[in-house]
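Here's the structure we're looking at; comments come further down.
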Amino acid sequence: MKFVLDAEQRLFGETLDKLLAGAGTPGAVRAWSAGEPEPGLALWRSLAGAGVFALAVPESAGGAGPLPVELVTAFHELGRHAAPGPLAETVAAAVLLDRLGGPGEDRDRGFTEFAAGWLPRIAGGAAVVSLALPPAVPYALDAGVADLVLVVDGDELREAAPGTPMTSLDPARRLCRPAPGAVLATGPEVRRAAAAAYGMGVLACAAQLVGVGRRLLEVTVEYAAARRQFGRPVGEFQAVKHHLADVLVGLEYARPLVHGAALSYGSPDFPRDASAGKAAASEAAYAAARIALQVHGAIGYTDEYDPSLWIRKARALHSAWGSPADHRARVIASLTTG
Amino acid sequence: MDLDLSSVEPFRAEVRDWLRAHVPDPPPPSLETEEGFTAHRAWERELAGARLSVVSWPARYGGRDATPLEWLVFEEEYYAAGAPGRVSQNGINLLAPTLFRHGTPEQLDRVLPPMASGEEIWAQAWSEPGAGSDLAALRATATRVDGGWLLNGQKTWSSRAAFADRGFGLFRSDPEAGRHRGLTYAMFPLEAEGVTRRPIGRIDGKPAFAELFLDDVFVPDRDVIGAPGEGWKVAMSTAGNERGLTLRSPGRFLAAADRLLALWRERADPADTALRDRVADAWIKARAYRLKGFETISRTEDVGAEASINKIFWSELDVALHETALDLLGPDGELDGDWLEGYVFSLAGPIYAGTNEIQRNVVAERVLGLPRDRS
Numbered sequence: 548m549k550f551v552l553d554a555e556q557r558l559f560g561e562t563l564d565k566l567l568a569g570a571g572t573p574g575a576v577r578a579w580s581a582g583e584p585e586p587g588l589a590l591w592r593s594l595a596g597a598g599v600f601a602l603a604v605p606e607s608a609g610g611a612g613p614l615p616v617e618l619v620t621a622f623h624e625l626g627r628h629a630a631p632g633p634l635a636e637t638v639a640a641a642v643l644l645d646r647l648g649g650p651g652e653d654r655d656r657g658f659t660e661f662a663a664g665w666l667p668r669i670a671g672g673a674a675v676v677s678l679a680l681p682p683a684v685p686y687a688l689d690a691g692v693a694d695l696v697l698v699v700d701g702d703e704l705r706e707a708a709p710g711t712p713m714t715s716l717d718p719a720r721r722l723c724r725p726a727p728g729a730v731l732a733t734g735p736e737v738r739r740a741a742a743a744a745y746g747m748g749v750l751a752c753a754a755q756l757v758g759v760g761r762r763l764l765e766v767t768v769e770y771a772a773a774r775r776q777f778g779r780p781v782g783e784f785q786a787v788k789h790h791l792a793d794v795l796v797g798l799e800y801a802r803p804l805v806h807g808a809a810l811s812y813g814s815p816d817f818p819r820d821a822s823a824g825k826a827a828a829s830e831a832a833y834a835a836a837r838i839a840l841q842v843h844g845a846i847g848y849t850d851e852y853d854p855s856l857w858i859r860k861a862r863a864l865h866s867a868w869g870s871p872a873d874h875r876a877r878v879i880a881s882l883t884t885g
Numbered sequence: 620m621d622l623d624l625s626s627v628e629p630f631r632a633e634v635r636d637w638l639r640a641h642v643p644d645p646p647p648p649s650l651e652t653e654e655g656f657t658a659h660r661a662w663e664r665e666l667a668g669a670r671l672s673v674v675s676w677p678a679r680y681g682g683r684d685a686t687p688l689e690w691l692v693f694e695e696e697y698y699a700a701g702a703p704g705r706v707s708q709n710g711i712n713l714l715a716p717t718l719f720r721h722g723t724p725e726q727l728d729r730v731l732p733p734m735a736s737g738e739e740i741w742a743q744a745w746s747e748p749g750a751g752s753d754l755a756a757l758r759a760t761a762t763r764v765d766g767g768w769l770l771n772g773q774k775t776w777s778s779r780a781a782f783a784d785r786g787f788g789l790f791r792s793d794p795e796a797g798r799h800r801g802l803t804y805a806m807f808p809l810e811a812e813g814v815t816r817r818p819i820g821r822i823d824g825k826p827a828f829a830e831l832f833l834d835d836v837f838v839p840d841r842d843v844i845g846a847p848g849e850g851w852k853v854a855m856s857t858a859g860n861e862r863g864l865t866l867r868s869p870g871r872f873l874a875a876a877d878r879l880l881a882l883w884r885e886r887a888d889p890a891d892t893a894l895r896d897r898v899a900d901a902w903i904k905a906r907a908y909r910l911k912g913f914e915t916i917s918r919t920e921d922v923g924a925e926a927s928i929n930k931i932f933w934s935e936l937d938v939a940l941h942e943t944a945l946d947l948l949g950p951d952g953e954l955d956g957d958w959l960e961g962y963v964f965s966l967a968g969p970i971y972a973g974t975n976e977i978q979r980n981v982v983a984e985r986v987l988g989l990p991r992d993r994s
């Protein structure tokens with residue numbers, strides 16, 4: 548097992564980093580927040596071109612996956628650059644569609660065709676998909692810009708109308724209460740597929756959180772070294788140093804948990820490992836956001852200064868795809884029933 | 620690097636089987652007591668007989684040339700089996716790595732085999748009354764004499780020194796040189812003319828450490844490690860070992876987290892979600908440390924100052940884990956037992972091997988690159 552990224556995986560991360568840095572991502576995020584999704588959608592297509600969404604779609608359906616380690620590498624960069632859109636939702640939907648519609652004699656033919664239509668479009672970046680999996684994921688993120696909105700309700704999978712976006716903490720996350728429409732599939736396999744999709748969403752979101760935390764630490768270290776008060780950089784003060792050291796400790800131990808979950812993808816331990824990663828990543832990224840805000844001071848509290856993009860996202864993702872308490876409960880449940 | 624976890628399964632099974640057959644039951648008394656120290660020394664001898672006391676060392680010194688992965692696996696099995704604490708840990712975790720890097724072949728041949736067998740137990744002698752976190756402020760001296768050095772001064776908070784055989788530490792050999800220069804790394808006997816040791820009761824009264832008064836204690840040249848005057852560099856070159864994986868391996872916390880989970884199942888009110896969250900966190904963090912360990916041994920570059928990140932993490936995990944156990948035990952948490960012993964031991968973690976405040980400075984300045992304090 549590879550507990551560190553290999554050269555190719557590192558290069559993939561660096562490629563995405565350059566792509567996102569060169570694409571004016573903060574501008575796209577702000578436009579997305581203002582209801583102008585076009586720059587964000589252009590970015591989406593570039594990411595698809597780099598192979599991001601194909602990582603969650605199996606080769607048989609026009610993708611390259613599942614490649615969970617590459618996927619967490621990608622989502623780490625998506626988090627580092629605060630990329631907008633229903634990213635985790637789309638890769639989770641890919642798993643849902645594949646589980647229910649992939650090859651298998653007991654499959655519903657109609658749904659197989661439905662899935663076969665959407666999966667290659669997801670892989671290629673032509674489809675943005677939003678997904679609600681209540682109770683942990685009750686709202687459909689960015690449903691208004693999605694080409695397909697899916698809702699699972701118990702044993703039923705339905706297509707849904709997007710509903711109206713609600714005001715929320717991170718304006719780049721436009722949460723909608725979807726209006727369920729036609730039933731696409733029913734039966735206990737829907738529940739199982741939804742559980743698999745949830746695992747993928749949790750993994751992607753956890754990786755995104757580590758990336759969000761990393762970027763917050765990077766910009767805060769930079770700021771603390773440059774910002775002068777009392778005749779010296781504030782980063783010289785131990786009170787500031789110790790805060791930032793603690794942020795690094797949190798992130799450095801969340802990352803291996805997320806990587807470890809990617810390594811156990813497909814095994815019976817995966818749901819437990821993904822939850823362990825998400826709980827740790829949520830706490831580490833949120834701590835990074837709190838300290839980033841504190842060290843930046845008043846300027847960090849402003850909307851116009853870019854760190855706000857990550858500070859808001861850290862809190863929002865902290866509870867998206869299950870809160871840390873939900874995931875701790877899942878970890879304990881898996882350890883005490885196994 | 621690819622770690623092949625399945626390839627170490629035969630080794631894991633061998634260690635597990637041996638431990639199952641040999642781990643003493645009931646466990647020996649606390650190693651921080653005279654009686655317990657003797658029992659733990661006997662246990663080291665038994666471990667060494669199976670060539671399991673220092674698995675990562677070369678065979679010629681009593682080890683079996685285990686890979687880092689095998690060592691991690693050994694540690695997992697060791698603590699999962701509930702085997703006794705390692706009374707020789709200061710020697711094997713702190714002195715031995717220094718000898719492997721800076722020792723002469725003669726020193727390795729002479730010092731390592733009796734360390735591996737438990738015949739010689741080593742105590743560390745870093746701190747002094749005026750030199751704790753600020754180790755370079757140390758004042759104990761080494762004075763040149765014919766064929767060696769005379770040690771003078773006072774060392775304190777010296778772990779295991781109440782009952783150990785030999786000590787190692789830094790001494791100022793050139794009083795004119797700067798703080799970090801003119802220090803010499805020496806090994807010295809504890810049962811010798813000129814050595815007075817006074818056991819110091821730990822916070823729970825057990826004599827876990829001692830203060831040492833050295834009055835013209837002779838040390839021959841062959842017991843100096845590295846060049847005289849270069850002691851700081853010699854000591855610091857392996858300080859990362861103490862803060863990194865080796866001093867407190869992941870296996871220790873995995874085993875403790877599993878025991879915590881068992882305690883939770885046995886004692887907890889399932890409705891107490893606050894305690895449940897803390898149990899989950901302990902398990903998650905122990906797993907994080909395990910994965911981080913695999914990551915660390917997969918890397919080819921030296922982890923350097925990053926070792927400080929580990930030290931902060933495991934020492935705080937250890938305290939949190941034991942606090943959770945005591946909270947689960949409620950009124951019984953006050954009674955002597957494994958959890959209380961572990962708790963008292965954990966309280967020292969954020970202090971020894973460089974306080975966590977010093978580690979945070981190291982992380983901030985050398986890993987994150989924040990400006991050094993000029994005041």
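Chains as they are written, first to last, in this note's numbering: chain S, 548 to 885; chain D, 620 to 994.
We treat Cβ as the ideally placed atom computed from N, Cα and C, and that holds for glycine.
As the structure is a computational prediction, the values presented were derived from the model and not from experiment.
When you compare the CB positions of V706(D) and H641(D), do they come within less than 8 Å of one another, or not? no
Look up P826(D) in the DSSP assignment and give the residues it is bridged to. For P826(D), which the question treats as bridged, DSSP gives no partner whatsoever.
Between G997(D) and V922(D), which are expected to be in contact by the criterion C-beta below 8 Å, what is the C-beta distance as a whole number of angstroms? With chain D covering 620 to 994 only, the question about residue 997(D) has no answer from this structure.
Can you give the Cα-Cα distance for R646(S) and A707(S), rounded to whole angstroms? 19 Å
I'd like to know whether the C-beta of K825(S) is nearer than 8 Å to at least one C-beta of chain D. no
Out of curiosity, what's the CA-to-CA distance linking A742(S) and W676(D)? 47 Å
Let me know the secondary structure DSSP gives L731(S) once reduced to three states. strand
Determine which residues share a DSSP beta bridge with W741(D) and list them. R785(D)
Bridge-paired residues (DSSP) for P712(S): C723(S)
Reduced DSSP secondary structure (H/G/I, E/B, other) of A679(S): strand
Determine the DSSP secondary structure at A641(S), reduced to helix, strand or coil. helix
Pull the bridge partners of F1000(D) from the DSSP assignment, please. With chain D covering only 620 through 994, there is no way to say anything about residue 1000(D).
Looking at the unbroken beta strand (DSSP E) that takes in D700(S), where does it start and where does it end? 695–700
Minimum Cβ-Cβ distance from A872(S) to chain D less than 8 Å: yes
According to DSSP, simplified to helix, strand and coil, what is F832(D)? strand
Out of curiosity, what's the CA-to-CA distance linking A742(D) and T775(D)? 11 Å
Please go through the same chain and pick out, in chain order, the residues whose beta-carbon is closer than 7 Å to the beta-carbon of P584(S), but skip the five residues on each side of it. V692
What separation, rounded to the nearest whole angstrom, lies between the Cα atoms of A756(D) and Y804(D)? 15 Å
Decide yes or no for the touch test of the segment 648–659 of chain D against the segment 872–879 of chain D: beta carbon pairs closer than 8 Å, at least 3 of them. no
What is the DSSP secondary structure of L704(S), reduced to helix, strand or coil? strand
Figure out for me which residue from E653(D), D684(D), P724(D) has the closest Cα to the Cα of F782(D). E653(D)
Three-state secondary structure (DSSP) of L625(S): helix
So, for L714(D): in the same chain, excluding its five sequence neighbours on each side, which residues have a beta-carbon less than 6 Å away from its beta-carbon? W741, F787
Taking 8 Å as the CB-CB limit, is H806(S) close to chain D? yes
Starting from D621(D), find everything on chain S with Cβ-Cβ shorter than 8 Å and list it in chain order. M548, K549
Alpha-carbon to alpha-carbon, V638(S) and E703(S): 20 Å
Report the residue from S934(D), L954(D), E920(D), Y962(D) whose alpha carbon sits nearest the alpha carbon of V551(S). E920(D)
Quick check on DSSP: helix, strand or coil for L770(D)? strand
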